[in-house]
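What follows is a single structure, written as C-alpha cells, with notes after it.
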Amino acid sequence: MTLPEQVLPSQPAGVLALRTIAMPADTNCYGDIFGGWLVSLMDMGAQIEGQRRAGCRVVTVAIDSLTFIKPVYVGDTICCHAELIKVGRTSMQFRMQVWTLAVEETERKLVAQGLFTFVAIGKEGKPQSVDR
Ligand SMILES: CC(C)(COP(=O)(O)OP(=O)(O)OC[C@H]1O[C@@H](n2cnc3c(N)ncnc32)[C@H](O)[C@@H]1OP(=O)(O)O)[C@@H](O)C(=O)NCCC(=O)NCCS
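In this note's numbering, the protein residues as written are 5 to 136.
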C-alpha cells in the first residue's frame with residue numbers, strides 16, 4: 005500500500021548522513037535501482053551517525069517499518085537523512101529517510117524510509133552504555 009501523499013513529509017528530517025549517485029551497477033534485473041542497495045545506504049548512514057553519537061563501534065540490531073515509496077533511477081542523487089528518535093541504555097534508534105534529486109530537476113522526492121536500531125559495542129565486544 006502506498007502511503008498517501010498528505011502523510012509524507014515535504015522536507016527531510018535530521019542530518020544529511022550520506023550522499024551519492026545511483027549508478028548502473030546498482031540496478032536490479034529490470035534496470036531500476038535495487039532496493040537492497042538503498043537499504044545498505046540507509047544502514048551505513050545510520051551507522052555513521054550512530055558511531056558519531058556513541059563514540060565507539062555500533063552494530064545494527066533491527067530494521068523496522070521499512071517502506072519504499074517511489075522508484076529510484078540511475079543518475080539520481082541519493083541523500084540519506086538520519087534523525088535520532090530514541091536513545092536507550094545501549095541502543096539508539098534512527099529514522100532514516102532517503103530523498104532523491106533527478107538530474108535537471110529541482111524538487112527532491114522522499115523515496116524510502118525506515119527505523120534503524122543500533123547497539124553500541126565496547127572493546128570486549130559486548131553492548132556498552134550510550135551517554136544520554
Ligand atoms: C546487537 C547485539 C550485540 C545485542 O546483543 P544482546 O545480547 O541482545 O544484548 P542486550 O540484550 O543487552 O540488548 C542490547 C540492546 O539492544 C536492544 N535490542 C536487542 N534486540 C533488539 C531488537 N530485536 N530490536 C530492537 N532493539 C533490540 C535491547 O533492547 C538493548 O537496548 P537498551 O540497552 O538500549 O535497552 C547482538 O544481538 C548482536 O551481536 N547482533 C548482531 C549484530 C550484527 O552483526 N549486525 C550486523 C548485521 S550483518
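All C-beta atoms in this analysis are idealised placements derived from N, C-alpha and C, irrespective of residue type, glycine included.
With residue i as the anchor, note down where its beta strand (DSSP E) starts and where it stops.
i	result
G40	Segment 39–58 is the alpha helix (DSSP H) holding G40; no beta strand (DSSP E) there.
R23	19–25
For residue i, which residues of its own chain have a beta-carbon under 6 Å away from its beta-carbon, when the five flanking residues on both sides are left out?
i	result
V78	A26, P28
R112	W103, L105
S133	R93, T94
G54	V62, M96, F122
K74	K113, V115
Is the CB-CB distance between residue i and residue j below 8 Å?
i	j	result
A106	D80	yes
G118	S69	yes
V76	I37	yes
T31	D47	no
A50	F98	yes
What residues match up with residue i in a beta bridge as DSSP calls it?
i	result
E87	R99
A66	T121
T31	I37
I82	T24, T104
P131	I125
L12	Answer by DSSP bridge pairing: none, since L12 is not bridged.
T71	Q117
So, at 7 Å on beta carbons, what are the nonlocal neighbours of residue i in its own chain, with the 5 sequence-adjacent residues on each side left out?
i	result
L20	C83, H85
A66	T121
C33	none
Q101	P16, A17, H85, L114, Q117
G39	F72
Is residue i near ligand 3, in the sense that its beta carbon is under 7 Å from a heavy atom of that ligand?
i	result
V115	As far as ligands go, the structure on display features ligand 1 and does not contain ligand 3.
Report all residues from its chain with a CB closer than 8 Å to the CB of residue i; omit the five preceding and five following residues, and keep chain order.
i	result
I125	C60, R61, V62, V63, P131, Q132
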